[in-house]
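A.B. asks:
2 protein chains.
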Amino acid sequence: MSALADFRAELVERGWLLVDRDGLVAGTGDPLERVVAGLVAAIDDVSAQAGRPVQRVRFAPVTGQQLLEQTGYHTSFPQLIGVVHGLPRDASARRRVPEGEAWDHDFGRSGFGLVPSACHPLYAWLRGTQVTGTAYTLTGDCFRNEPSEDPFRRVSFRMREVVVLGTPAQAREHQRVWRSAGLALYRSLGLQVHDAAANDPFFGRQGAMLANNQRDEQLKFEFVVEPVPGHEVAIGSANYHEDHFGVDFAMTTPDGQPAHSACYGMGLERTALALAATHGFDPGRWPDEVRVALRLS
Amino acid sequence: MSALADFRAELVERGWLLVDRDGLVAGTGDPLERVVAGLVAAIDDVSAQAGRPVQRVRFAPVTGQQLLEQTGYHTSFPQLIGVVHGLPRDASARRRVPEGEAWDHDFGRSGFGLVPSACHPLYAWLRGTQVTGTAYTLTGDCFRNEPSEDPFRRVSFRMREVVVLGTPAQAREHQRVWRSAGLALYRSLGLQVHDAAANDPFFGRQGAMLANNQRDEQLKFEFVVEPVPGHEVAIGSANYHEDHFGVDFAMTTPDGQPAHSACYGMGLERTALALAATHGFDPGRWPDEVRVALRLS
Chain D
1 MSALADFRAE
11 LVERGWLLVD
21 RDGLVAGTGD
31 PLERVVAGLV
41 AAIDDVSAQA
51 GRPVQRVRFA
61 PVTGQQLLEQ
71 TGYHTSFPQL
81 IGVVHGLPRD
91 ASARRRVPEG
101 EAWDHDFGRS
111 GFGLVPSACH
121 PLYAWLRGTQ
131 VTGTAYTLTG
141 DCFRNEPSED
151 PFRRVSFRMR
161 EVVVLGTPAQ
171 AREHQRVWRS
181 AGLALYRSLG
191 LQVHDAAAND
201 PFFGRQGAML
211 ANNQRDEQLK
221 FEFVVEPVPG
231 HEVAIGSANY
241 HEDHFGVDFA
251 MTTPDGQPAH
261 SACYGMGLER
271 TALALAATHG
281 FDPGRWPDEV
291 RVALRLS
Chain V
1 MSALADFRAE
11 LVERGWLLVD
21 RDGLVAGTGD
31 PLERVVAGLV
41 AAIDDVSAQA
51 GRPVQRVRFA
61 PVTGQQLLEQ
71 TGYHTSFPQL
81 IGVVHGLPRD
91 ASARRRVPEG
101 EAWDHDFGRS
111 GFGLVPSACH
121 PLYAWLRGTQ
131 VTGTAYTLTG
141 DCFRNEPSED
151 PFRRVSFRMR
161 EVVVLGTPAQ
171 AREHQRVWRS
181 AGLALYRSLG
191 LQVHDAAAND
201 PFFGRQGAML
211 ANNQRDEQLK
221 FEFVVEPVPG
231 HEVAIGSANY
241 HEDHFGVDFA
251 MTTPDGQPAH
261 SACYGMGLER
271 TALALAATHG
281 FDPGRWPDEV
291 RVALRLS
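So, in C-alpha cells, the structure goes:
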C-alpha cells in the first residue's frame, strides 16, 4: 500500500473516517469531530483578537441552482458541480417501482444545486445591498464531484470561512491580516505549513486571463502542508477577490463603488487529518499547547 | 398577510432567516444559530443524565444514491428525494456555455443523493455488523424536495438524533425514555408540547400495512406544538423501528438475531423557531431557566 492508503486505512481503523462496505458513506467519527469543533473555536479566537465584530451566519448545503451561474462556477469548474434532480411537482407521489427499472428515470431539475464553496451563498444573500466592512463567519458544507480514495479529497467537506465585504482597503487588509494570522494559527497547532501564492480560476467569465493575473497580484495564498511524504495538501487560503463578487452580486460600498471582498477559509477535515498525521490518532495525547488551543481534554 | 406569513417576515427582519431576493438562499442568522447550538447541548445533557455512553458521529449531507433504495425511501417518499447529477467523468472539464443553452444539459447521475433523514447513513455505515445497544448521536442535514413559504418546512434542515441499535428490549427502552425525556426537555424550554401517536410510512416495501400498524403499536410519537395559531408543527419524535433497519442493513445482536433500533430526533430549526414564537426574537431576553438550559448569555 502507498503511504496515503496506509494513512486512510488507519483513519478508518481509528474511527476518524466512517465508510461503509461500498466506501460511499461520508462519515466522520468522534475524534475528528472534536478536533473540528476545536478548530472552529480557534478561528473564532483569532477573529476576536482582531477586534472587528464578526457576524455568524450559516447556509444550507443546498442552494438555488442559479447561484452556480451567478458566481461563474458553471463555466470555471463544471466538472465539480452537483445539481439536484427530483420528481416533477405534479408527479403522483406514491408509486411502485417496476423491478429492474431505475426508480429515478423520470426525475428532472429541481432548481437546487449543491454549494461548491462555503462563501457563495453569503454573496447571494447580500446581493444588491450596501456593505460596510462587516466580517461574516460561517461553516459551510461544500460539494465537489470528484470521488477519490485520497482522504484529503472528499466529495463533501466543511470549510470555515471569515469573509469581509467593504472597500478595497478593508478587503486587502483582511487578506493581509489572515495571511499572517492563518499561518500563525497552523504553526501554533504544530503544523509545518508554508504559504504559497496560488491561482484559482474562480473568476468566472473572464476565466484564464484573470487566473494568470492572480498569481502576479498575490490575490490568493494557500497554506500548504505535506502530511504524508510526497503528498502536499492545501489546508486553507487567504484570498482577495477584488470587485469580482461585488460586481456580480451588485454589492456596493457607501460611496457607491462596487464592494471588494476577501476571505480566509480553512478546510476543516483536511486540517484535522493533517493534525492526526502530525500528532497521532489520539487527540487526548497531543501536545499540551495544541490541546489547549483546540479545547481538547 | 396570514399569521404564518407575518411570522416569516419577522424572522427575516430579525435576522433569524436569511433569504435572497429570489427567496432561494437557505440561510440562518446569529440568533437562530445560537439557539441551535444550545438545543444540541441540551440534548447532550439529557443523554448524559441517562448514563448510557453516547458515541458522536457525523455524516455528510450527501450520500451514495443507493442508500435511498436500501431504506425503501425511494418507494415511500419519492417526491421528497433529491439525487445529484453532474458531468460524466470523461467530460472535458473547462468549456464555454453557448448563450441561451442550459449549461447542465449533458449532466447525468453522479451516484450521489441527498440524505433525507439524519440517521439513515448511520445504518449504512453499520451494515453487516454486530450491534450491542450503543447509543449514537449526530446532527444531520436533511433534504426534502418540497419548497414552501412555510418557515417550519424547509427544503434543507438539520435534525439532531440519538439512536440506539441493539436488542428489542434496548430499542423499546430507548423510545420509552426519550418519549418522556423529550417531552420534559421541550416543556423545560417553555414550549407547550403534546405528544401524539403518529404514523409515518418509512417502512419501505411493506408500505401501507405497516403504516397502519404503526399507530396501533405506538411505534412513533411526535412532539407537537402550535407556534402560530392554527398551525400545528411536529418538532421532534421518538420512534421504535422494530427490526426494519436491522433486517435491511443486516445488523445483528450478539445472539444472532436481527437488531432492533429506536431514535429520538429533534428538528433543530423548527424547535428554534417555535421558541422564537413563544419567547420572542431576542434570545438574550428569554426566561432565565431557558437561557441557562440553552447556554444563552
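Protein chains in written order, with full-length UniProt numbering: chain D, 1 to 297; chain V, 1 to 297.
Built from N, CA and C at the ideal position, the CB exists for glycine as well.
Predicted, not measured: the structure shown is a model, and the values here were computed from it.
Would you please verify whether the beta carbon of V:Asn145 is less than 8 angstroms from any beta carbon of chain D?
C.D. replies: True, the Cβ-Cβ gap to chain D drops below 8 angstroms.
A.B. asks: Answer yes or no: do V:Gly82 and V:Leu114 have a C-beta to C-beta separation smaller than 8 angstroms?
C.D. replies: In contact: V:Gly82 and V:Leu114 (Cβ atoms closer than 8 angstroms).
A.B. asks: Let me check understanding here. Comparing Cα to Cα, which of V:Val164, V:Trp286, V:Gly230 and V:Ala250 lies closest to V:Ala238?
C.D. replies: It is V:Val164 whose Cα lies nearest to the Cα of V:Ala238.
A.B. asks: So what does D:Leu17 bridge to, in DSSP terms?
C.D. replies: Paired residue(s): D:Thr28.
A.B. asks: Leaving aside the five residues before and after D:His241 along the sequence, list all residues of the same chain whose C-beta is less than 6 angstroms from its C-beta, in chain order.
C.D. replies: Contacts found: Ser261.
A.B. asks: Thinking just about the alpha-carbon of each residue, which of D:Pro116, D:Phe107, D:Tyr123 and D:Gln66 is nearest to the one in V:Ala102?
C.D. replies: Per the Cα distances, D:Gln66.
A.B. asks: When DSSP builds the beta bridges, which residues end up paired with V:Ser261?
C.D. replies: V:Leu165 and V:Glu242, per the DSSP bridge assignment.
A.B. asks: Can you name, in chain order, every residue of its own chain whose Cβ lies under 7 angstroms from the Cβ of D:Leu183, other than the five neighbours on each side?
C.D. replies: Answer for D:Leu183: Val193, Asp195 and Phe223, listed in chain order.
A.B. asks: Kindly indicate which three-state DSSP category D:Thr271 falls into: helix, strand or coil?
C.D. replies: It is helical.
A.B. asks: Counting pairs of Cβ atoms below 8 angstroms between the segment 111–126 of chain D and the segment 136–143 of chain D, do you hit three or more?
C.D. replies: The segment 111–126 of chain D, when compared against the segment 136–143 of chain D, does touch it at the 8 angstroms Cβ threshold.
A.B. asks: Between D:Thr28 and chain V, is any beta-carbon pair separated by less than 8 angstroms?
C.D. replies: With 8 angstroms as the cut-off, D:Thr28 counts as an interface residue toward chain V.
A.B. asks: Tell me V:Arg58's beta-bridge partners as DSSP assigns them.
C.D. replies: Bridge partners of V:Arg58: D:Thr28.
A.B. asks: Do the segment 243–258 of chain V and the segment 2–11 of chain V meet, that is, are 3 or more Cβ pairs less than 8 angstroms apart?
C.D. replies: The segment 243–258 of chain V is not in contact with the segment 2–11 of chain V.
A.B. asks: With D:Asp141 as the anchor, note down where its beta strand (DSSP E) starts and where it stops.
C.D. replies: Note, D:Asp141: beta strand (DSSP E), Ala135 to Phe143.
A.B. asks: Looking at chain V, is there any beta carbon in it that lies within less than 8 angstroms of the beta carbon of D:Gln55?
C.D. replies: So, interface residue.
A.B. asks: So which residues of chain D does V:Gln130 contact, with C-beta pairs closer than 9 angstroms?
C.D. replies: Per Cβ cutoff of 9 angstroms: no residues; V:Gln130 is ~15 angstroms from chain D at best.
A.B. asks: Just the chain D side, please: which residues come within less than 9 angstroms of V:Val62 by C-beta, in chain order?
C.D. replies: Under the 9 angstroms cutoff, chain D gives Ala26, Pro61, Gly82, Leu114, Asp141, Phe143, Val155 and Ser156.
A.B. asks: Is V:Leu275 near V:Val35, with beta carbons less than 8 angstroms apart?
C.D. replies: Contact: yes.
A.B. asks: Quick check on V:Thr137: buried or exposed, where buried means 16 or more other Cβ atoms within 10 Å of its Cβ?
C.D. replies: Classification for V:Thr137: buried.
A.B. asks: Can you give the Cα-Cα distance for D:Ala5 and D:Leu17, rounded to whole angstroms?
C.D. replies: If I take the Cα positions, the gap works out to 13 angstroms.
A.B. asks: Would you grab the beta carbon distance between D:Met159 and D:Gly27 for me? Rounded to a whole angstrom, and I think it's under 8 angstroms.
C.D. replies: Contact flag wrong, Cβ pair sits at about 18 angstroms.
A.B. asks: Could you tell me which residues DSSP pairs with V:Leu67 in its beta bridges?
C.D. replies: Paired residues: none, contrary to the question.
A.B. asks: List the residues that DSSP assigns as beta-bridge partners of V:Glu149.
C.D. replies: The partner list for V:Glu149 (beta bridge, DSSP) is empty, contrary to what the question assumes.
A.B. asks: State buried or exposed for V:Val292, treating a residue as buried only when at least 16 other CB atoms are found within 10 Å of its CB.
C.D. replies: That one is exposed.
A.B. asks: For my contact list, D:Arg127 and V:Arg21 are in at a C-beta cut-off of 8 angstroms; report their separation, rounded to the angstrom.
C.D. replies: About 6 angstroms; that satisfies the 8 angstroms criterion.
A.B. asks: I'd like the list of long-range same chain contacts for V:Ala171, defined as Cβ closer than 7 angstroms, with 5 residues on each side in sequence excluded.
C.D. replies: So the list reads Val164, Tyr240, His260, Ser261 and Ala262, once near-sequence residues are dropped.
A.B. asks: In angstroms, rounded to a whole number, what distance separates the CA positions of D:Leu68 and D:Glu146?
C.D. replies: So the alpha carbons of these two residues sit roughly 17 angstroms apart.
A.B. asks: CB-CB under 6 angstroms to D:Gln175, same chain, minus the five flanking residues each way: which ones, in chain order?
C.D. replies: Counting only Cβ-Cβ distances below 6 angstroms, and skipping sequence neighbours, we find Ala238, Tyr240 and Ala262.
A.B. asks: Between the beta-carbon of V:Ala135 and the beta-carbon of V:Val162, is there less than 8 angstroms?
C.D. replies: Yes, the Cβ-Cβ distance between V:Ala135 and V:Val162 is below 8 angstroms.
A.B. asks: Which stretch, first to last residue, makes up the beta strand (DSSP E) that contains D:Ala197?
C.D. replies: D:Ala197 -> beta strand (DSSP E) spans His194 to Ala197.
A.B. asks: Taking 8 angstroms as the threshold (C-beta atoms), are D:Gly15 and D:Asp30 in contact?
C.D. replies: It is a contact, given that the beta carbons lie within the stated cut-off.
A.B. asks: According to DSSP, is V:Leu294 part of a helix, a strand, or is it coil?
C.D. replies: It is coil, neither helix nor strand.
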